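There are 2 protein chains.
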Amino acid sequence: MALIVDKQQIFLGRFISAPGPNDLLIREGAVLVSSTNGHGRIEKTSWTVRSSDEALRLFNVGNVSVIHSPMNGFFFPGFIDTHIHAPQYPNAGIFGKSTLLDWLTTYTFPLEASIGDEGPAAESAVVANGMPAEATNGQPNKKRKVEPLSRAKTVYDKVISRTLSYGTTTASYFATISVPATNVLADLAHTKGQRAYIGRVCMDHPETCPDFYRDETPEQTIGSAIESIEHIQNLDPKGNLLAPIVTPRFAPSCQAESLARLGQLAQDRNLRVQTHISENTGEVELVKTLFPDRRSYADVYDHAGLLTDRTILAHAIHLSDNEISTIVERKSKVSHCPASNSALGSGFCPVRKLLDAGIDVSLGTDVSGGYSVSMLESVRQACLVSRQLGYVNGGEKKWNIGVTEGLWLATVGGAKCVGMEGRLGGFEEGMFWDVQEIKLDDIDSAEQGVGCRGPVDIFGWENWEERVDKWVWNGDDRNVKRVWVGGRLVHERR
Amino acid sequence: MALIVDKQQIFLGRFISAPGPNDLLIREGAVLVSSTNGHGRIEKTSWTVRSSDEALRLFNVGNVSVIHSPMNGFFFPGFIDTHIHAPQYPNAGIFGKSTLLDWLTTYTFPLEASIGDEGPAAESAVVANGMPAEATNGQPNKKRKVEPLSRAKTVYDKVISRTLSYGTTTASYFATISVPATNVLADLAHTKGQRAYIGRVCMDHPETCPDFYRDETPEQTIGSAIESIEHIQNLDPKGNLLAPIVTPRFAPSCQAESLARLGQLAQDRNLRVQTHISENTGEVELVKTLFPDRRSYADVYDHAGLLTDRTILAHAIHLSDNEISTIVERKSKVSHCPASNSALGSGFCPVRKLLDAGIDVSLGTDVSGGYSVSMLESVRQACLVSRQLGYVNGGEKKWNIGVTEGLWLATVGGAKCVGMEGRLGGFEEGMFWDVQEIKLDDIDSAEQGVGCRGPVDIFGWENWEERVDKWVWNGDDRNVKRVWVGGRLVHERR
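Chains as they are written, first to last, in UniProt numbering: chain A, 1 to 494; chain B, 1 to 494.
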């Protein structure tokens, strides 16, 4: 898709956002977006304007294109997915009855290994783990001629297209240990115009990582990290849309020395950090065994200098109060991944407790621990899991995350966790135009069974809060008509 | 849509079904369906045939149409939704942070009341409860001329079309207390060709039912029930596709006398029964207060003669071991509604325990306690909830419901619960052709963002078990290409 960049654009219609956990803001009006160097921000807003002519007059601009969202549509801030494993996308929905640790060895490591390096070695690693490289009755086609990194290109192209089509304008991606494949992911995100943080995965613990898929030494871990970081920074020197993120997979897969050197690297170069913490009770026990000198899982990271105010910690389900205090002090962020947590039976993240403690929380799809690239599905699951957590806690309502709070986590919460608070997640002046246009079908708009009718039925008597509820609970990519990042149109559904 | 009925049809391609909880059966071949009096059953099968010519020859039939499901498609038994409230469909996704009892009074009773009788009285009842009858800024349009039962026609037409489009070939519907509106639901199901059990809702307890929405007396409760039963039996005298089902809403909303008379009615006329049991802890307490002479919730129904081998009990979350034993003895069935249970924070149904005790269990969407009409969503939620239940029980794997077991519950389980075991839910000779054709998109089949591309990405290396996993976790109505009930084509996606 061509990336269309106007110097100025006016957006006209209904604007809905969730600036607070209990604050669903529904406004009609117009927004003027100005782009300098492909970097579109909201220059002016008016919540009284109702027509193109009015908008052009009020904003005092000449020949500017006006993008109008009609009656049953609205603009909504793009979703920010703060935890997604790009190479695992082909396994979305494939996890059987596994839990975290056997899921990694059965499904995840073989797939990730196959993404990076193509050729006989990777193919046999894949086949050995039960996943045939080709759909030829389970037998690998040994004569196939492999274009270098063709699998990475296919998978990464697909996952970026899919996430954009679901309205994800920013994603914090885990890649694999392969530098060339990670660079492919960065190149594709750059070309397609998604705002993205991209991390080569570091993992080098010989006891916990498979032979076919690990860094050899701490030197290689750091060297490869730097190689990938520099590629990404060369692509987008100002970091307008793309930035590297230091990505130790999780404590159990890293040698202590590597963790410390990655912490130092993040500090030296002022980089973001992402990793996992306390997802599964077995994992928590494993960390105790592997790091007997550390007080806790959080302390492993803290000791390595990896708990910073630019760190995203995925899951954070089984933290002690001491660990929560440490995370609060360090101002590190949490990515809550409810779909994944339920799918892998990991437990219930106590989101309310984390928020009350003062931790910034956001949502992640965690593909493919999570089965869906849809952040709307993450919003739904955050609501459902919170109700279940309330039930488990004797019916306490305080745990409840409602639709508005879920949307707030998926937008403003995400912005806070990627260090873009006040610049992403709303329609205020100065904010980037990272936006999705949502359209809900009118009950009379299409014959049942014909064409591309959307999944949400509006009967006409619902108010706008109820329409948003309906969108959240039954909407999907069919409702996402257009998506912009930094003012650029990056997805359109025809 | 015209209902197309061929006398004989051949279906050719891949046939997938779940005859057992751990048995995913994947076969290629052909099936001959013969229809007598619009009642299509599987006459012959062959799992060696690979072409139309072969099939025509083997089945020894002449000019018979062959319906072929291509490479990336398959036939799957239609879903059986054993618990769905048709009039609540407009509220799908609208439930706020409520739990069962306040959800009923806030959202459900006002909507249900508005379905049955249109005119000034119903309009003001609706408006009084916060739901404007028209989308005119919340003000009812008093001058609107109302066609009798127009709302019932709109809503019921929509819910049948939608459920068919998601592959639901059989549904057990709760309607409302209105006889004319319930009859509209029956008429529409009959016209559209869905297999349906339809129950006028009985509720007459003056302490728990609102004045604007209840039967006046036990006499009216029984009289109206009979009126609706006879309408449905006149529509389909042999009960080929349509049958009435005795439907006391739930114990708290019925007078003891009404329950007893409904039990007698079901026995006298050999009718199915459906109701709710033990969904919410507050509801369980309420039953204790309202029926102090009965030993338990299950005993209230048992005492009234409502626990039969043709009874479907929705939810069954908080049953005691004694209640489970009673239900086992009476051979009553359970409809597990996981999406609803999570959305309303009702708790976790111990499906494994019920199955192990010998109770037949099926799945219900429970719209609009459940937010989605999709039975595939119910399968997903059954899997997720089972993982969470395992977590809550210290990580016990025995609670796990996998994809195959979820599909088994949605098909074979449903067949057992509606008394159609061996006649619905598979591809064996003698079974009804109640089937959905599923199509998964090929990765090369469509440009991203263009047209009606499906939600499932197949990369080409997945085996068929994995493709089924992908369908279950990310599929939706876009994957349902055609749906047949009793050999009739009742839905087609173009």
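We put the beta carbon where it would ideally sit given N, CA and C, even for glycine.
Predicted, not measured: the structure shown is a model, and the values here were computed from it.
Asked, Found
"Does any residue of chain A have a CB that is nearer than 8 Å to the CB of L384/B?", "yes"
"Would W461/B be called buried (16 or more neighbouring beta carbons within 10 Å of its own) or exposed?", "buried"
"Check whether the Cβ atoms of V334/A and V361/A sit closer than 8 Å, and answer yes or no.", "yes"
"To which residues does DSSP link V435/A through a beta bridge?", "P77/A, W484/A"
"Checking contacts by CB at 8 Å: is S172/B closer than that to chain A?", "no"
"With a 10 Å radius around its C-beta and 16 neighbouring C-beta atoms as the bar for buried, classify K142/A as buried or exposed.", "At K142/A, the pLDDT of 47 sits below 50, so the modelled position is not reliable and the matter cannot be decided from this model."
"Is F459/B close to chain A, meaning its C-beta is less than 8 Å from at least one C-beta of that chain?", "yes"
"Buried or exposed: which applies to M203/B, given that a residue is buried once 16 or more other Cβ atoms fall within 10 Å of its Cβ?", "buried"
"Would you check if there are 3 or more beta carbon pairs closer than 8 Å linking the stretch 466-474 of chain A to the stretch 90-104 of chain B?", "yes"
"Chain B beta carbons: is any one of them nearer than 8 Å to that of K397/A?", "yes"
"For residue 558/A versus T168/A, is the C-beta spacing smaller than 8 Å?", "Here chain A comprises residues numbered 1 to 494, so residue 558/A is not present and cannot be evaluated."
"Taking the C-alpha atoms as reference points, what is the distance between S35/B and V456/B?", "34 Å"
"So, does the CB of W484/A fall closer than 8 Å to a CB anywhere in chain B?", "no"
"Mind checking which residues open and close the beta strand (DSSP E) that includes D268/B?", "That residue, D268/B, is in no beta strand (DSSP E); its alpha helix (DSSP H) goes 256-269."
"Output needed in chain order: residues of the stretch 359-387 of chain B with a Cβ under 7 Å from some Cβ in chain A.", "Y371, S372, L384, R387"
"I need the boundaries of the beta strand (DSSP E) containing F174/B, first residue and last residue.", "168-174"
"Which first and last residues belong to the alpha helix (DSSP H) in which R467/A is found?", "464-474"
"Under the three-state reduction of DSSP, which class applies to residue 516/A: helix, strand or coil?", "Residue 516/A cannot be examined here, being either before or after the span of chain A that is shown, 1 to 494."
"Just verifying my parser: in three-state terms, what is the DSSP assignment at A92/B?", "coil"
"Quick one: what's V201/B bridged to in DSSP?", "T247/B"
"Identify the contact partners of W473/B in chain A, using a Cβ-Cβ distance below 9 Å as the criterion.", "A92, G93, I94, F95, A343, Y371, S372"
"Compute the distance between the beta-carbons of S178/B and G239/B, then report whether it is under 8 Å.", "no"
"Closer than 8 Å between beta carbons: that is the criterion. Which residues of the stretch 156-168 of chain B meet it against chain A?", "K158, S161, R162, S165"
"Give the residues of chain B in contact with N60/A, contact being defined as C-beta atoms less than 9 Å apart.", "Those within 9 Å of N60/A in chain B number zero; the least Cβ separation is about 32 Å."
"Taking its Cβ as the centre, do 16 or more other Cβ atoms sit within 10 Å of L25/A, making it buried, or is it exposed?", "exposed"
"Whole angstroms is fine: what's the gap from I222/B's alpha carbon to I245/B's?", "13 Å"
"I'd like to know whether the C-beta of N400/A is nearer than 8 Å to at least one C-beta of chain D.", "Here the protein chains are A and B, and chain D is not one of them."
"Can you have a look at residue 538/A and say buried or exposed, based on whether 16 or more other CB atoms are within 10 angstroms of its CB?", "For residue 538/A there is no data in the structure shown, the boundaries of chain A being 1 and 494."
"From which residue to which residue does the beta strand (DSSP E) around K19/A run?", "Checking the sequence shown, residue 19/A turns out to be Pro, not Lys. That run of the beta strand (DSSP E) goes 8-20."
"Under 8 Å Cβ-Cβ, which residues of chain B neighbour P455/A?", "D476, D477"
"Hey, is G347/A's beta-carbon within less than 8 Å of any beta-carbon in chain B?", "yes"
"Got a sec, what are the start and stop residues for the beta strand (DSSP E) D309/B sits in?", "Taken as a continuous stretch (DSSP letters only), D309/B belongs to no beta strand (DSSP E), as it is neither H nor E."
"Run the CB neighbour count on V435/B, radius 10 Å, all protein chains shown included, and call it buried at 16 or more, exposed below.", "buried"
"Give me, in chain order, the residues of the same chain whose beta-carbon lies closer than 7 Å to that of V184/B; leave out the 5 immediate sequence neighbours on both sides.", "L149, A152, K153, Y156"
"Report all residues from its chain with a CB closer than 6 Å to the CB of L32/A; omit the five preceding and five following residues, and keep chain order.", "I10, E43, K44, F59"
"Taking Cβ positions, are S46/B and A30/B nearer each other than 8 Å?", "yes"
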